[in-house]
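Colleague:
In the working numbering, the protein residues as written are 11 to 149.
1. Per DSSP, residue 78 forms a beta bridge with which residues?
2. What are the complete alpha helix (DSSP H) segments, minimum 4 residues, inside the region 65 to 118?
3. What separation, rounded to the nearest whole angstrom, lies between the Cα atoms of residue 129 and residue 112?
4. Pick out whichever of 134, 126, 107, 105 has its Cα sitting closest to the Cα of residue 117.
5. Using 8 Å as the threshold, is the region 85 to 100 in touch with the region 46 to 55, meaning 3 or more CB pairs across them?
6. Check residue 123 in the structure and name its three-state DSSP category.
7. Counting C-beta neighbours from all protein chains within 10 Å, is the total for residue 127 16 or more, i.e. buried, or is it exposed?
8. Helix or strand or just coil, what does DSSP make of residue 33?
9. Could you work out which residue in 115, 57, 100 is closest to residue 71 when comparing CA atoms only?
10. State yes or no: is the beta carbon of residue 30 nearer than 7 Å to at least one beta carbon in chain C?
11. With H, G and I counted as helix, E and B as strand and the rest as coil, what does DSSP make of residue 128?
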């Protein structure tokens, strides 16, 4: 037997179904134009901007040493309620993502955990871990 006879025959080409032509449809214009800047939307944007500005000020205070991270964790001001723990810890000077990750892992807390959702027990554990890490110098 020759080598050519042991090779399986090629499979037949699949048949391609003809494409259906899509007919254009007429879209009726809306009778009432939708308003872009509704009052509720504008209020939400104003509130979000207010929170962003307050958070930026809080981060600047922490970075400058005017406010400590432990104080923010225990007091939980309104601007920090929806801030993640990682974001708060990284706002300190000389604290990177790796250092904050290690501290949060030692306290059994996730990076994305929101400050406002911490229980009292979690707050105590985190403050104790921060004080042990920072020693007498808290910033």
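Virtual Cβ for every residue (Gly too), placed ideally from N, Cα, C.
Modeller: A quick look at the data gives this:
1. For residue 78, which the question treats as bridged, DSSP gives no partner whatsoever.
2. Scanning the region 65 to 118 for uninterrupted alpha helix (DSSP H) segments of 4 residues or longer gives 79 to 85, 95 to 100, 107 to 116, listed from N- to C-terminal end.
3. The alpha-carbon atoms of residue 129 and residue 112 are separated by roughly 20 Å.
4. It is 134.
5. No, the region 85 to 100 is not in contact with the region 46 to 55.
6. Residue 123 falls in the coil class under three-state DSSP.
7. Exposed.
8. DSSP places residue 33 in coil when its eight states are reduced to three.
9. Per the Cα distances, 100.
10. Within the model displayed, chain C is absent; a lone protein chain is all it includes.
11. Coil.
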